[in-house]
Each structure stands twice: as C-alpha cells, then as structure tokens.
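Mapping of the sequence shown onto the working numbering: position 224 corresponds to residue 226, and the numbering continues sequentially without gaps. Contents: one structure, followed by commentary.
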Amino acid sequence: MKHSFPFRMMIIGFCFLAGCATAQKNSNDTDTIRIGGDAALTEVIAPVAETFEEENPSLRLITLQSKPGTELAALQNDSLDAVVSTVSLERLLKRAAETGPAPAGALFREVPIGSNQTVVFLNDIKIKKLTKKQLKAIFTGKITNWKKVGGPNRRIVVVWSPAADAENELFIREILQRERVVANYVPVANAEEMRKIVLETPGAIGIGPDALVSYGVRVPGSPKIASSVVLITKGEPAPKVQKLLDLIKDVAFLP
3 MKHSFPFRMM
13 IIGFCFLAGC
23 ATAQKNSNDT
33 DTIRIGGDAA
43 LTEVIAPVAE
53 TFEEENPSLR
63 LITLQSKPGT
73 ELAALQNDSL
83 DAVVSTVSLE
93 RLLKRAAETG
103 PAPAGALFRE
113 VPIGSNQTVV
123 FLNDIKIKKL
133 TKKQLKAIFT
143 GKITNWKKVG
153 GPNRRIVVVW
163 SPAADAENEL
173 FIREILQRER
183 VVANYVPVAN
193 AEEMRKIVLE
203 TPGAIGIGPD
213 ALVSYGVRVP
223 GSPKIASSVV
233 LITKGEPAPK
243 VQKLLDLIKD
253 VAFLP
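Quick look at the structure:
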C-alpha cells in the first residue's frame with residue numbers, strides 16, 4: 003500500500019526525534035570532571051587518570067592547562083571543577099589580584115595532595131651532575147657550550163615552557179636567583195612537549211616534573227627543587243571531585 007508524502011514525512015520526523023532522544027540520553031550517561039592546573043597535572047593527576055575512569059565508568063576526567071592568573075576565575079564561573087597547582091591558594095589570590103578583581107578567598111577550599119619534584123632533562127649530553135652555579139649560568143645564557151661544564155664541544159639549546167608558570171617561578175627563584183632566562187630559548191607549550199623537544203634536539207636542556215622521566219632522557223644530579231601540590235575547589239569538593247581526591251590520597255598514602 004502506498005502512503006502519502008505527508009505521512010512518510012511524519013514517520014521520518016518521528017524517527018529523527020527518537021534518535022535525538024537516544025543520543026541525548028547517551029551523552030548524559032557520562033559526566034565530566036574538568037581539572038585545570040600547571041605541572042601538577044602531570045605529577046599528580048596523570049598517574050591516576052586511567053584508574054579513576056576504570057573505577058568510575060560514568061565519569062570522564064578532562065585536564066586543562068590553565069593560563070596563569072585565570073585559575074580561580076575559572077573555578078568561580080564553574081568552567082573548572084577543581085584546580086591542582088604547585089602554587090598555594092594564597093599566592094593564586096595575589097596573582098589574580100595583579101590581573102584584575104581578585105575573587106574572595108573565602109569562596110575556595112585548599113587540600114594538600116602531594117608534591118612536585120622538578121628535574122633537569124638532557125638530550126645526549128653525558129654529564130652526571132650539574133651544580134646550582136652551572137645551571138644558573140646555562141639557563142641565563144652565560145654558558146653557551148657544554149664544554150664549559152665538562153661536556154662535549156656542542157652548543158647548549160635551552161628549551162623552556164612559558165606556560166609552566168608555577169614550576170618556572172620556583173626554578174627562577176631557587177636556581178637562577180631571580181635572573182631572567184636566556185632570551186633565545188626554544189619555546190614549548192607544556193612539560194610533555196618540552197620532553198619531546200629535548201629528546202629530538204642535540205645539546206638540549208629543559209626542566210620538568212620527575213613524573214615525565216622516561217627512557218632516552220638523561221637526568222643529571224642537580225639541586226633538589228620541590229614544592230607541595232594542592233587541590234583547590236569552589237566551596238567543598240563536589241561528590242565527583244571527592245572521588246578523585248580519595249583516589250589520589252589512597253595512591254599517595256595521604257591522611
């Protein structure tokens with residue numbers, strides 16, 4: 003039996019709406035946790051991400067490297083569910099005040115969740131140890147050849163991630179004694195890219211979290227550069243964030 007054109011269009015429309023309803027239902031089956039931060043994302047979140055999603059199949063963990071100074075504003079407007087940082091809440095509030103109206107500190111909660119160890123990455127330079135004085139001279143451009151520090155006659159290539167603001171701030175304060183990093187560094191977007199470029203570039207040197215130490219990267223002995231890592235939320239952690247927090251504490255054996 004043949005159906006009229008309006009009847010066929012009604013059936014197609016019904017099927018389309020049913021399909022949309024199913025798609026909408028499926029998209030709502032998985033909730034997301036948006037975590038912003040700095041190098042602490044690699045140090046603390048990345049190691050537990052797979053386990054967290056396996057234990058919580060209805061939750062998807064999304065990490066976003068935050069632009070320095072915007073972390074608390076993103077929390078306040080609910081663009082992020084939490085921030086992990088090597089910078090304290092007090093320092094983040096001061097930083098936010100430098101770029102605009104600072105959010106009220108009473109809005110936020112800060113929980114210690116671990117520590118970040120900054121290490122030096124080398125490409126193919128066989129040097130067992132770099133002193134604080136040598137690192138300062140290398141990263142400020144006063145030494146430009148590895149021969150000056152016991153290595154081969156090769157140009158030093160400094161790889162630097164401007165976005166790794168918190169880690170950089172500590173390294174500049176503790177090692178460079180607040181002097182500027184050499185101007186002609188190779189810029190990278192984040193710590194993961196830093197490791198990749200160091201691996202690919204003869205004579206390269208960079209800094210990053212020790213969680214990124216992997217086969218092929220040389221890590222010489224160097225002064226210890228460590229900082230605590232905190233998780234910050236707007237108000238008390240939401241239940242889904244609390245699940246992540248509990249896993250981090252369990253893995254790190256935190257109270």
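Note that the Cβ used here is the ideal one computed from N, Cα and C, for glycine as well.
Where Ala51 is concerned, the enclosing alpha helix (DSSP H) starts and stops at Ala48 to Glu57. Between Gly205 and Ile145, the C-beta spacing is not below 8 Å. Contact between the stretch 128 to 148 and the stretch 108 to 117 is absent: fewer than three C-beta pairs spanning the two stretches fall below 8 Å.
Here Thr101 carries a helix assignment [DSSP, helix/strand/coil]. Proximity to Thr120 across Leu74, Val190, Ile199 and Ile174 peaks at Ile174, based on C-alpha coordinates. Using a Cβ-Cβ distance cut-off of 8 Å, the stretch 215 to 234 and the stretch 49 to 59 are not in contact, since fewer than three pairs of beta carbons, one from each stretch, lie closer than that value. Bridge pairing for Ile177: absent [DSSP]. Excluding five sequence positions before and after Ala191, the CB atoms of its chain that fall closer than 7 Å to its own CB belong to Ser163 and Ala165, given in chain order. Rounded to whole angstroms, the gap between the alpha carbons of Asp248 and Ile37 is 15 Å. Taking the Cα positions, Thr65 is about 29 Å away from Phe141.
Note that the C-beta distance between Ser87 and Asp40 is below 8 Å.
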